[in-house]
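Down below is the structure, laid out as structure tokens.
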Amino acid sequence: APTPGGRLTKSTESFKVLTECPLIVMLLFQLYPRFIQPTIPSLIPLMVQALALRVSPGAAQHQRSQYLDLMAAQVKTLSFLTYLLRAFAEFMRNYRDSIPKCVIQLLHAAPADSVSIRKDILVATRHILATDFRVGFFPQVDVLLNEHVLIGSSPGAGGGAAGARASHEILRPLACSTLADLVHHVRGDLTLAQLARVVHLFAKNVHDPALPLAIQITSVRLLLNLVENIFNKTEPEARQLLVRILDTLVHKFGTLRRQIPRVRQQVIALQAAAA
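Heads up, the sequence shown is in our numbering, so the first residue is 344 and it goes up one at a time.
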């Protein structure tokens, strides 16, 4: 593609070309597995360095297209790293803390309306949380409890509100399940203030009709799993959190009691129409 000055970009300088490279390398590794062992030790540091690259805010604003291409290339590189993590974790031990930090930086840097980029980051995060490398995210709990970081700006916040709103609604289910995975692993180490933020966030999810039923169920399970950890806290505010969880569940039962008869009538009507 032409640069702002009208010069055509060389393929060796193109972020779009670079975006395709991780998939090509993955395919080559599958076709020629004998090259994996000698190549991985030198390849991983380069990929981690690529993830850590940052662009100045001015350049990101004035060259948005190139900036998005760079982020797309970084996210594909992150996805490739998570693929390697399953089979070559021993080569990546030295980057156990730096890779999660790069993920957080990517979430900070991703524009609020870039749904595909944020989705790929969250998917990669879930893959990392399924491995021992999850411990690198433990110090980042406070950051990930911030919805502005996790899924972008809230709807209606400044310019690009429509794009931010679409991103917000599309990404919320994936973001909630990703955060639930993290909280499940760190719940024994959370402070009472952090537990209060988690309870507030997932209690809202339980009552949010815009979220899929599976996410609401996940939120209920997480709240129940937090009960023992909150009960063992000595601070007086712990009792208030337990009451908040109980109140959330009771109100959800009340909502279900009002909705179940309507749902049953709809099922009966559908069965009658199909008969």
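We put the beta carbon where it would ideally sit given N, CA and C, even for glycine.
Helix, strand or coil for residue i? Go by DSSP, reduced to three states.
i, result
"G597", "helix"
"H327", "Residue 327 lies beyond the range of the chain shown here (344 to 618); nothing can be said about it."
"K353", "coil"
"N489", "coil"
"Y426", "helix"
"P516", "helix"
"F574", "helix"
"A618", "coil"
"Q406", "coil"
"V542", "helix"
"S457", "coil"
"D412", "helix"
"L366", "helix"
"G495", "coil"
"F372", "helix"
"V295", "The first residue shown for the chain is 344 and the last is 618, placing residue 295 beyond what the model contains."
"A452", "helix"
Mind checking residue i: buried by the 16 CB within 10 Å criterion, or exposed?
i, result
"R600", "exposed"
"A452", "buried"
"G495", "buried"
"A616", "exposed"
"H511", "buried"
"D412", "buried"
"R436", "exposed"
"Y438", "buried"
"R461", "buried"
"K419", "buried"
"G479", "buried"
"L514", "buried"
"A618", "exposed"
"A467", "buried"
"P552", "exposed"
"F476", "buried"
Take residue i and list the residues in its own chain whose beta-carbon comes closer than 7 Å to its own, dropping the five residues that flank it on each side.
i, result
"L565", "A523, V526, H527 and F545"
"I379", "F372"
"G502", "Per-residue confidence for G502 stands at a pLDDT of 45, beneath the threshold of 50, marking its modelled position as unreliable; no derived number is given."
"P516", "L554, P555 and I558"
Rounded to a whole number of angstroms, what is the C-alpha to C-alpha distance between residue i and residue j?
i, j, result
"F377", "S459", "In the sequence on display, residue 377 carries Arg and not Phe. In a straight line, the C-alpha of R377 is about 34 Å away from that of S459."
"C445", "A581", "34 Å"
"R469", "A518", "9 Å"
"V492", "L450", "6 Å"
"I560", "V549", "7 Å"
"N575", "N568", "13 Å"
"I611", "P604", "11 Å"
"V563", "L592", "8 Å"
"L421", "K353", "24 Å"
"P443", "D485", "14 Å"
"D532", "Q614", "50 Å"
"F431", "V606", "50 Å"
"Q609", "L472", "40 Å"
"Q584", "L556", "Rather than Gln, the amino acid found at residue 584 in this sequence is Leu. Near 24 Å, if we compare the C-alpha coordinates of L556 and L584."
"D440", "S399", "24 Å"
"S457", "E490", "15 Å"
"Q537", "D590", "19 Å"
"V529", "H594", "27 Å"
What does a CB cutoff of less than 6 Å around residue i pick up in its chain, not counting 5 residues either side in sequence?
i, result
"A647", "For residue 647 there is no data in the structure shown, the boundaries of the chain being 344 and 618."
"A500", "No answer about A500 holds up, because its pLDDT of 44 lies below 50 and its placement is not dependable."
"R287", "Given that the chain is displayed from residue 344 to residue 618, the structure contains no residue 287 and the question cannot be resolved."
Can you name, in chain order, every residue of its own chain whose Cβ lies under 8 Å from the Cβ of residue i, other than the five neighbours on each side?
i, result
"L396", "L413 and Q417"
"E578", "L535"
"T474", "L428, R429 and A432"
"V570", "L585 and I588"
Does residue i have its Cβ less than 8 Å from a Cβ in chain B?
i, result
"L584", "Among the protein chains of the structure shown there is no chain B, as only one such chain exists."
With a cut-off of 8 Å, do at least 3 Cβ pairs link the segment 396-410 to the segment 360-372?
-> The segment 396-410 makes no contact with the segment 360-372, as fewer than three CB pairs between them are under 8 Å.
Decide yes or no for the touch test of the segment 418-433 against the segment 380-399: beta carbon pairs closer than 8 Å, at least 3 of them.
-> By the criterion of at least three beta-carbon pairs nearer than 8 Å, the segment 418-433 is in contact with the segment 380-399.
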